[in-house]
Structures are given as structure tokens and as C-alpha cells.
Amino acid sequence: PNTPYLQPGYYEAGDRRRAYRDDEEGVIEGALSGAREGIREGIDGAREGIREGIEGAQEGVREGLGESKKWRDRDEHDHDDWYRPDFDWYGGVGTFIGAYDHRWPFRETALYRPIPALRYNRVEGLVLGFGLRPLAWEDYERGKIYGQIGYAFALEDIRYEVGAETRVDDIRNEEFGLKVGGAYRSNTATDDLWKASWTENTLAAFFFEQDYFDYYQVEGWTLYTVFHATPYLQFGAGFRADDYETLDRNTRWSLFGGDGFFVNPAVDEGRMHSLLFTAEGGRVKGLQRLPRGLAFRMEAEVGDGLGGDFAFNRYLGDVRAYLPVSRFSSLSLRLRGGVATGDDPLFPIQKGFTLGGAGTVRAYAHNRFYGTRMLLANAEYAVEGVELFDDFLSDLQLFGLFDAGWVNGPLNDSFDFSDVIPAAGFGVGLDDRSVRLEIAWPLRDLGAGFSPTFWLRLNPTF
942 PNTPYLQPGY YEAGDRRRAY RDDEEGVIEG ALSGAREGIR EGIDGAREGI REGIEGAQEG
1002 VREGLGESKK WRDRDEHDHD DWYRPDFDWY GGVGTFIGAY DHRWPFRETA LYRPIPALRY
1062 NRVEGLVLGF GLRPLAWEDY ERGKIYGQIG YAFALEDIRY EVGAETRVDD IRNEEFGLKV
1122 GGAYRSNTAT DDLWKASWTE NTLAAFFFEQ DYFDYYQVEG WTLYTVFHAT PYLQFGAGFR
1182 ADDYETLDRN TRWSLFGGDG FFVNPAVDEG RMHSLLFTAE GGRVKGLQRL PRGLAFRMEA
1242 EVGDGLGGDF AFNRYLGDVR AYLPVSRFSS LSLRLRGGVA TGDDPLFPIQ KGFTLGGAGT
1302 VRAYAHNRFY GTRMLLANAE YAVEGVELFD DFLSDLQLFG LFDAGWVNGP LNDSFDFSDV
1362 IPAAGFGVGL DDRSVRLEIA WPLRDLGAGF SPTFWLRLNP TF
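Each position in the sequence shown, counted from 1, maps to that position plus 941 in our numbering.
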């Protein structure tokens, strides 16, 4: 036991049982050290692998539930990143063409016209019924039946539309889509949906005797296809065969009264056959607040040489740019134009264009200007975060507006700047851009002077 350990080796009860060379001991110690390090790294790697696996499973579940659709429903509100070029970093919800139509700036469609089952206007009065929406690109169904049925109390008639759509592509592909559909209707229609929404028009008519639309009746069928080429671009084509009839003003009632409903204008009645082609694209971020982005819509309707009682062609284009100026301001621009061709008596009056009033040139009377060629330009500069009174009216949006429009007529068949109808004014947004108080002055005296026009709007103009 007292024998000193002077030589490297293996000892037992004080006696050396086996001798090691120095290099052998180094090899053994190195092997043991390497083994220990390998075990530690293996344990750390296993932990990291388990953690990554759990995170991957969680991400897969979120994607499966539709909570992480990159281009459909990102809602970032970090204003510090307002300047980033990626749309996903702008505040407010962003929308590609064809997704979330309530966040898309174009309410009008050419191929089918969904209409709410609860509405009020001067030709139908109150309409009560129920409806089903068409197939949306974010839906997971392969097909869908849509339509609306309701009873119009002032018109004393049933209004209905029934249609069906089906997707013929892989519904899991979010960047590509192809659907076909068809519908039959005997319903009320309008070409003024680009000026206001059905909801806003119903509330204005019911409470304040203000009706922003002109109406006609259509009965007939349509077949169409819609091609979702990319998230940024969509095309459509279809054929329509409709009988057109005039609808009269059938009610003057509103809850708080007003200046009286306008007489609903007559249309040329008869059978109309037409081919329709549409192209729509772009992307807009934060439409209800401070929008950024670009959107366009083009439409061509060919009704010449297809039979029926009319012969005409109609072309329409609308381009909108929403430009960030600073962190809290933006400049919104719209340019809209249309051309309709055809000779009397085969050209239907309802295929012309109207300007004046809500959603167009705001300082002039409702649909005062009519022609077969039209140009419209609108500009709004908006600043958010405005406070008028301490703790009472804060976080408002203040904006200036300018409108300019032109339609041809017997004395101005060719465009001339001297025939442009301009207006200017300002407004306040109470709920971002959704609830707006506007005041606009005419910049040309057309016999009514320069008195301002006040508007209470529940939708942005564009």
C-alpha cells in the first residue's frame, strides 16, 4: 500500500498489475475525452432536433388551419416599417385581385352581379329575402350554388337570381384558378355600383331619401368563365342574353325625409345579346385606412352582330394608384374612361355613361351629365392622426379632394379642356376612410352658382 506510484500503469491494492507506456495513456485519455464530447454533442443535437420538430409541427398546424396564408391575410400594423417595399409590411390588410372582395376597390363586375337580399331603393322599396354568395377564390369548396330571392314591396314583385359555379383547377393552388359558371335572373340591375355600395345606398335611401343609383330590370341568362392567372391578374369572358325593361319610381318614403327621390330614367327596352371580356389586376394594401398599391380594371362588351334588338360596343377602363407620401399621409389617384359606339336606333341608351354626384364629380347633381364618351379624374390627399378636440375627436383623417369630369354631347363631341367639369373640396374621415364627411364646391358655374354640396359617405370614393 505504501508503494509509490512512480510509473504509469494500472494499480490494484497498491500493486501495479499492468504497465502503460506514456503514449498509450495519452491515446486512452484522448479517446475518453472524445467520447465524452461526442455524447454531449449528440444530446444537444437531439434536443435541437426535437425543438425544431415541435416548431415545424406547430407551423404546419397553423398553415393547415388557414392562419398563415402569406398573400391572403397578413395584417401587420407596425408603422415603423411603413417604408418597406414589401406589401406585407404595410399597415392594414392587403388584398390581391379576386381575394376578399370587401377589401378590393372595385365593387362592379361584368360577368355576374351579386345583389343583397336586404335592400331599399326608390324603384323596389323594401326588399326582404335571402341570398348566397358566389364562389370565392379563398373558398375550399369545389363548386357552389349562389343567388338571391326576395320580395319587393313597392314594386309588388318577386326578385330572384340563381346561379352555379365550379372550379376546374386544383383548389389547393393559391396562385392559379379557373372556374366556370352560369346564372338565370329576373332582377333589378344598375350600372352605378362603381359610385357607391349597395349597403351605403340602402341606408342613404331609407333614412335620408338619397338614392345614388339608376335602375332597370333584366331577365335572362349568362354563361361565363374566370381565369385567375396569378395573384396579381385575373381575366374573364362570358355571354349574356337579357330582356331589358324600364322600372318606375314606386316610393317616395324615407325615415327622415329629404329633397325627394329622383325620377328613375327610362331605358331602351328589348332583347340584348352581348359578349363580355374583363381584365383586372394589381394589389392594394390598407384600403380602409391609408391605401398603398395599384389596381386596374378593363371591360369590353360587344353587342354588335350577335342578334337581339340592339347593336353596340362598349369599352371601359379604370386605373387607381395609391401612393405613400409620408408615414402618415398618402395620395390617391383615379383615372376612368369609357367609349360606347353604335348608331341609332340600335344603340341602347342604358349603355352610355353618366357623371355627377356621389362617387364621380361630387359638387354637381346626380348623374347630370350623359354621353357616349367619358373621362373622369379624381385625386385625394389624406393625412391621418389628426386631432380636432382633446379626447373628443382624435385620430381622424383629414383629406383634400379634386374631381374633374367630361362627357361628350351635341356641342362638345370632341374632348376639349374648356368643357371639363371640375370640383374641389375637403373632408374628414371619422373611422379611417369608412365614414366620411365631405364638402365640395363646383369650379364652373353651370347655372346653379358655386354653392357647396355636403356628403355623408359610408365608403371611400375610390
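For every residue, glycine included, the Cβ atom is placed at its ideal position computed from N, Cα and C.
Legend entry - Complete runs of the beta strand (DSSP E) confined to the stretch 1153–1179 [at least 3 residues]: 1157–1171
Legend entry - Chain-order list of residues whose beta-carbon lies under 8 Å from that of SER1270 (same chain, five-residue window excluded): Your numbering for residue 1270 matches position 329 in the sequence shown. These residues qualify, in order along the chain: LEU1231, TYR1322, ALA1323, VAL1324, GLU1325.
Legend entry - Residues bridged to HIS1214 (per DSSP): One-based indexing of the sequence shown puts residue 1214 at position 273. Bridge partners of HIS1214: ALA1182.
Inset, instruction - Report the three-state DSSP secondary structure of GLU1141 (helix, strand or coil). - result: Here residue 1141 is taken as the residue at index 200 of the sequence shown, counted from 1. In this structure, GLU1141 counts as helix in the three-state DSSP scheme.
Inset, instruction - Could you please give the first and the last residue of the uninterrupted beta strand (DSSP E) stretch that includes ARG1190? - result: By one-based count along the sequence shown, residue 1190 stands at place 249. Note, ARG1190: premise wrong, no beta strand (DSSP E); not H, not E.
Legend entry - Segment limits, beta strand (DSSP E) that includes ALA1236: The sequence position of residue 1236 within the sequence shown is 295, counting from 1. ALA1236 -> beta strand (DSSP E) spans 1233–1243.
Inset, instruction - Please name the residue in ARG1314, THR1301, ALA1137 whose C-alpha comes closest to that of ALA1381. - result: Locating residue 1381 in the sequence shown gives position 440, where the first residue counts as 1. For the residues ARG1314, THR1301, ALA1137, the minimum Cα distance to ALA1381 belongs to THR1301.
Legend entry - Rounded C-alpha distance that separates GLY1211 from TYR1157: Counting from 1 along the sequence shown, the entry for residue 1211 is found at position 270. Counting from 1 along the sequence shown, the entry for residue 1157 is found at position 216. Distance between the alpha carbons of GLY1211 and TYR1157 is about 12 Å.
Legend entry - Exposure of TYR1081, with buried meaning 16 or more beta-carbon neighbours within 10 Å: Along the sequence shown, read from residue 1 onward, the residue named residue 1081 stands at position 140. The residue in question, TYR1081, is exposed, as its Cβ has fewer than 16 Cβ neighbours within 10 Å.
Legend entry - For ARG1377: DSSP bridge partner residues: Here residue 1377 refers to the residue found at position 436 when the sequence shown is read from its first residue. Per DSSP, GLY1370, ARG1398.
Legend entry - Boundaries of the beta strand (DSSP E) in which LEU1317 is found, first to last residue: Start at 1 with the first residue of the sequence shown, and residue 1317 comes out as number 376. Per DSSP, LEU1317 belongs to the beta strand (DSSP E) from 1314–1327.
Inset, instruction - Please list, in chain order, all residues of the same chain as ALA1389 whose beta carbon is under 7 Å from its beta carbon, the five residues on each side excluded. - result: Numbered from 1 along the sequence shown, position 448 holds the residue referred to as residue 1389. If we look at ALA1389 and ignore the five residues flanking it on each side, it has no Cβ neighbours.
Inset, instruction - For GLY1258, collect the residues of the same chain with a Cβ closer than 6 Å to its Cβ; drop the 5 residues on either side in sequence, then sort them by chain order. - result: Here residue 1258 is taken as the residue at index 317 of the sequence shown, counted from 1. Taken in chain order, the residues that qualify are MET1239, GLY1278.
Inset, instruction - Mind checking who GLY1198 pairs with in its DSSP beta bridge? - result: On the sequence shown, position 257 is the one that residue 1198 refers to. Answer by DSSP bridge pairing: none, since GLY1198 is not bridged.
Legend entry - Alpha-carbon to alpha-carbon, LEU1174 and ARG1108: One-based indexing of the sequence shown puts residue 1108 at position 167. One-based indexing of the sequence shown puts residue 1174 at position 233. For ARG1108 and LEU1174, the distance between alpha carbons rounds to 17 Å.
Legend entry - Alpha-carbon spacing of ASP1133 relative to LEU1342, whole angstroms: Position 192 of the sequence shown, counted from the first residue, corresponds to residue 1133. Position 401 of the sequence shown, counted from the first residue, corresponds to residue 1342. Taking the straight line joining both Cα atoms gives about 21 Å.
Legend entry - Nearest-angstrom Cα separation, counted from THR1402 out to GLY1223: Locating residue 1223 in the sequence shown gives position 282, where the first residue counts as 1. Locating residue 1402 in the sequence shown gives position 461, where the first residue counts as 1. Whole-angstrom Cα-Cα distance: 18 Å.
Inset, instruction - Grab the span of the beta strand (DSSP E) containing ARG1099 for me, first residue to last. - result: Residue mapping note: residue 1099 aligns to position 158 of the sequence shown, counting from 1. According to the sequence displayed, residue 1099 carries Ile and not Arg. Here the beta strand (DSSP E) through ILE1099 covers 1098–1108.
Inset, instruction - Indicate whether at least one CB of chain D lies closer than 8 Å to the CB of LEU1399. - result: Checking the listed chains, one finds no chain D in this structure; it contains a single protein chain.
Inset, instruction - Can you grab the Cα-Cα spacing for the pair ALA1241 / GLY1179, in whole Å? - result: Along the sequence shown, read from residue 1 onward, the residue named residue 1241 stands at position 300. Along the sequence shown, read from residue 1 onward, the residue named residue 1179 stands at position 238. Distance between the alpha carbons of ALA1241 and GLY1179: 11 Å.
Legend entry - Contacts around PHE1395, its chain only, beta-carbon distance under 8 Å, and the 5 residues preceding and following it disregarded: What you label residue 1395 is simply residue 454 of the sequence shown in a count that begins at 1. If we look at PHE1395 and ignore the five residues flanking it on each side, its Cβ neighbours are LEU1378, GLU1379, ILE1380.
Inset, instruction - Could you tell me whether the stretch 1193–1213 touches the stretch 1069–1088, where touching means 3 or more Cβ pairs closer than 8 Å? - result: no
Legend entry - For GLN1291, the first and last residue of its enclosing beta strand (DSSP E): Position 350 of the sequence shown holds residue 1291. Per DSSP, GLN1291 belongs to no beta strand (DSSP E) and is neither H nor E.
Legend entry - Under 8 Å between C-beta atoms of ALA1304 and GLY1293: Looking up residue 1304 in the sequence shown gives position 363. Looking up residue 1293 in the sequence shown gives position 352. In this structure, GLY1293 does not lie closer than 8 Å to ALA1304 by Cβ.
Inset, instruction - Taking LEU1296 and GLY1248 to be in contact with their CB atoms under 8 Å, please state how far apart those CB atoms are, rounded to whole angstroms. - result: In the sequence shown, counting from the first residue as 1, residue 1296 sits at position 355. In the sequence shown, counting from the first residue as 1, residue 1248 sits at position 307. About 32 Å; that fails the 8 Å criterion.
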